[in-house]
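A.B. asks:
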Amino acid sequence: MITAVDTNVMLDLFGADARFGSRSKEGVRNSLAKGRLVACEVVWAEGAGFFAAPAAAREAMGRLGVEFDAVDLETALAASAAWKAYRDREGRRERVVADFLIGAHALHQADRLLTRDRGFYRTYFSRLKVIDPARE
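Written out as structure tokens, the structure reads:
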């Protein structure tokens with residue numbers, strides 16, 4: 058089983074979030090117990106911003122067991138289609154294309170997504186299995 062992880066879960070751990078940190082940590086552990094834990098370049102880039110140096114981010118992700126898994130061309134095109142549907146449907150634009158890349162990556166290159174943002178992903182990626190560590 059391959060679990061893709063969203064940035065919000067990583068930031069819960071990196072910042073030792075008092076509300077969600079322990080649940081997110083347990084979600085990561087459970088995901089690793091079932092197989093691989095991967096993150097696309099968007100999650101790596103957003104998560105690395107928490108650290109003073111790229112090497113520290115790489116080390117932290119490695120300690121957590123998170124593997125780098127780049128978005129492939131078909132996944133990028135699927136993200137683009139979902140992004141276009143969102144832009145056509147929504148009046149306000151609160152989401153950025155990075156969110157759609159994370160969702161498409163999880164749907165096309167993993168088996169499920171570990172995220173606290175389940176409502177968004179269920180709306181735009183209805184076939185995606187979403188695991189919310191705050192509710193598990």
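The numbering used here applies: residue 58 is where the sequence shown begins, and numbers increase by one. We treat Cβ as the ideally placed atom computed from N, Cα and C, and that holds for glycine.
Give the single residue among Ala127, Gly122, Ile159, Asp129 whose Cα lies nearest to the Cα of Ala139.
C.D. replies: Position 82 of the sequence shown, counting from 1, holds the residue named residue 139. Among Ala127, Gly122, Ile159, Asp129, the Cα nearest to that of Ala139 belongs to Ile159.
A.B. asks: With a threshold of 8 Å, are at least 3 pairs of Cβ atoms found where one atom belongs to the segment 164–183 and the other to the segment 107–124?
C.D. replies: Because the criterion of three Cβ pairs below 8 Å is not met, the segment 164–183 and the segment 107–124 do not touch.
A.B. asks: Looking at His165: is its Cβ nearer than 7 Å to the Cβ of Ala127?
C.D. replies: The sequence position of residue 165 within the sequence shown is 108, counting from 1. The sequence position of residue 127 within the sequence shown is 70, counting from 1. Going by C-beta atoms, His165 is not nearer than 7 Å to Ala127.
A.B. asks: If distances are taken between C-alpha atoms only, which option among Pro111, Ala102, Leu70, Val154 comes closest to Thr132?
C.D. replies: As a position in the sequence shown, residue 132 is number 75, starting the count at 1. Nearest option by C-alpha distance: Val154.
A.B. asks: Could you tell me if Pro190 is buried or exposed, where buried requires 16 or more neighbouring beta carbons within 10 angstroms of its beta carbon?
C.D. replies: Within the sequence shown, numbered from 1, the residue matching residue 190 stands at position 133. Buried, since its Cβ has 16 or more Cβ neighbours within 10 Å.
A.B. asks: Please work out which residues of its chain come closer than 6 Å, Cβ to Cβ, to Met67, disregarding the five sequence neighbours upstream and downstream, and give them in chain order.
C.D. replies: To locate residue 67, count along the sequence shown from 1; it is residue 10. Contacts found: Gly104.
A.B. asks: Who pairs with Ile59 in a beta bridge, going by DSSP?
C.D. replies: Reading the sequence shown from its first residue, position 2 is the one you call residue 59. Partner(s): Arg93.
A.B. asks: Considering only the beta carbon of each residue, do Asp69 and Ser81 sit closer than 7 Å?
C.D. replies: Here residue 69 is taken as the residue at index 12 of the sequence shown, counted from 1. Here residue 81 is taken as the residue at index 24 of the sequence shown, counted from 1. Yes, the Cβ-Cβ distance between Asp69 and Ser81 is below 7 Å.
A.B. asks: Using three-state DSSP, classify Leu185 as helix, strand or coil.
C.D. replies: What you label residue 185 is simply residue 128 of the sequence shown in a count that begins at 1. DSSP places Leu185 in coil when its eight states are reduced to three.
A.B. asks: Can you tell me the Cα-Cα spacing of Val187 and Ala110, whole angstroms?
C.D. replies: Indexing the sequence shown from 1 puts residue 187 at position 130. Indexing the sequence shown from 1 puts residue 110 at position 53. One C-alpha to the other measures close to 31 Å.
A.B. asks: So, helix, strand or coil for Phe157, using DSSP?
C.D. replies: What you label residue 157 is simply residue 100 of the sequence shown in a count that begins at 1. Here Phe157 sits in helix by DSSP.
A.B. asks: For Asp145, count neighbouring Cβ atoms within 10 angstroms of its own Cβ and tell me buried if that reaches 16, exposed if not.
C.D. replies: Position 88 of the sequence shown, counted from the first residue, corresponds to residue 145. Looking at its Cβ environment, which holds fewer than 16 other Cβ atoms inside 10 Å, Asp145 is exposed.
A.B. asks: Do you know offhand how far Arg120's Cα is from Arg86's?
C.D. replies: As a working mapping, residue 120 is identified with position 63 in the sequence shown. As a working mapping, residue 86 is identified with position 29 in the sequence shown. Approximately 12 Å, taken between the alpha carbons.
A.B. asks: Going residue by residue through the segment 73–142, where are the continuous alpha helix (DSSP H) segments of at least 4 residues, counting only ones entirely within it?
C.D. replies: Here the runs fully enclosed are 78–91, 98–105, 111–121.
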